[in-house]
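**Student:** So that we are looking at the same thing, I have put the structure below in structure tokens.
Numbering (my numbering), first residue to last: 997 to 1348.
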């Protein structure tokens, strides 16, 4: 009998197509559902490939359902310390900053492409337009840092960045409104697109560990700082309501008061791990889904408003309108997905 054709997943060659599908499912579940650290999925699949090859049987017969196998691997090989340091998307603060800036560069590239198609090869620059684009970039950057600070558990830092965002927006609008609008020079759109590509590459190439250190907390000088850090992590990283987070902090403080003077780090351990233990469970999944749903609703509404404004100003359906409508639809799709996730019963798996 002829040997069935082999299939390839990354650097692994599987003897059966169903084994490759099994491996792909394990990889996706580890990354999306369990926030596996870099390299773990490849390491696990290499071990699974060897076991399947030695057994000479389909992967599902040897190792079971891919979703169950991913859950087992996550429980055995993803430490609490790793899960405690990442946000609900499985990103550290540095990774989130790089991802946001890289996404900003990609969006700039796509907007340049639409500009090229709609308005031609050249774009005219003026002081007013330069101030406007600089304001948009600065607002996105500082706003991104606000959400990164929140995910890192720095609630005060988040409010500080949000205040900075408002100041940058107001100042930028004032400058753009009063700046001269006379043309300065023309710039080829491909040059701007190349700059966006360079921005994106630079964002992902920037050392993420350096950014992580910027958002790392200072050593806790006393129990009060440890408890404050606990509240920030519960409210920011784990999306816990403020009243519930303060209740946990109050209980921890009362326990410390009755522990005879023990330090919080000695009694409860690492604050990030302790916050993770308090927050884990089905309620956290639903809380995070609701937060994502609210954000998706806000962004979808923003793009819908931009589409309406563009139609009113242009008087016709343009490429910009198509982009705004498409973006709004994509975020509405995300909203529906997160709404379904927020209502999914505990103990059930998301639909494949």
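Even glycine gets a Cβ: it sits at the ideal position worked out from N, Cα and C.
(1) Under 8 Å between the Cβ atoms of residue 1241 and residue 1230?
(2) Which same chain residues end up closer than 6 Å to residue 1321 when comparing Cβ atoms and leaving out the 5 residues on each side of it in sequence?
(3) Would you tell me roughly how many angstroms separate the C-alpha atoms of residue 1236 and residue 1243, rounded to the nearest one?
(4) Please state whether the Cβ-Cβ distance between residue 1353 and residue 1239 is less than 8 Å.
(5) From residue 1314 to residue 1027, what does the alpha carbon distance come to, in whole angstroms?
(6) Is residue 1075 helix, strand or coil by DSSP?
(7) Between the C-alpha atoms of residue 1069 and residue 1130, what's the straight-line distance to the nearest angstrom?
(8) Beta carbon of residue 1029, beta carbon of residue 1066: below 8 Å?
(9) Compute the Euclidean distance between the alpha carbons of residue 1031 and residue 1281, then round it to the nearest angstrom.
(10) Could you give the first and the last residue of the continuous beta strand (DSSP E) run that contains residue 1053?
(11) In chain order, what residues of the same chain have a beta carbon less than 6 Å from the beta carbon of residue 1337, not counting five sequence neighbours either side?
(12) When you compare each of 1259, 1294, 1254, 1267 to residue 1233 by their alpha carbons, which one comes out closest?
(13) Quick one: which unbroken alpha helix (DSSP H) runs of 4-plus residues sit fully inside the stretch 1169-1235? Chain order, please.
(14) I need the boundaries of the beta strand (DSSP E) containing residue 1008, first residue and last residue.
(15) Report all residues from its chain with a CB closer than 7 Å to the CB of residue 1199; omit the five preceding and five following residues, and keep chain order.
(16) Strictly by DSSP, which residues pair up with residue 1118?
(17) Does the pairing of the stretch 1189-1209 with the stretch 1221-1229 give three or more beta-carbon distances under 8 Å?
(18) Considering only residues of the same chain and omitting the five flanking positions on each side of residue 1189, which have a CB-CB separation below 6 Å?
(19) Can you tell me which of 1119, 1089, 1154, 1310 puts its alpha carbon nearest to the alpha carbon of residue 1205?
(20) Could you work out which residue in 1316, 1339, 1327, 1333 is closest to residue 1110 when comparing CA atoms only?
(21) Can you name, in chain order, every residue of its own chain whose Cβ lies under 6 Å from the Cβ of residue 1092, other than the five neighbours on each side?
(22) Indicate whether the contact test is met: 3 or more Cβ pairs, each with one atom in the stretch 1113-1121 and one in the stretch 1158-1173, closer than 8 Å.
(23) Using DSSP with H/G/I as helix, E/B as strand and the rest coil, what is residue 1150?
(24) For my contact list, residue 1157 and residue 1132 are in at a C-beta cut-off of 8 Å; report their separation, rounded to the angstrom.
(25) Where does residue 1063 sit, in a helix, a strand or coil, going by DSSP?
**Tutor:** With the structure as the only source:
(1) yes
(2) 1303
(3) 11 Å
(4) Because residue 1353 is not part of the residues shown, which for the chain are 997 to 1348, the question remains open.
(5) 38 Å
(6) coil
(7) 46 Å
(8) yes
(9) 13 Å
(10) Per DSSP, residue 1053 belongs to no beta strand (DSSP E) and is neither H nor E.
(11) 1285
(12) 1267
(13) 1185-1201, 1204-1210, 1219-1228
(14) 1008-1010
(15) 1094, 1097, 1098, 1101
(16) 1184
(17) no
(18) 1105, 1108
(19) 1089
(20) 1316
(21) 1144
(22) no
(23) coil
(24) Not really, about 16 Å apart at Cβ, beyond 8 Å.
(25) helix
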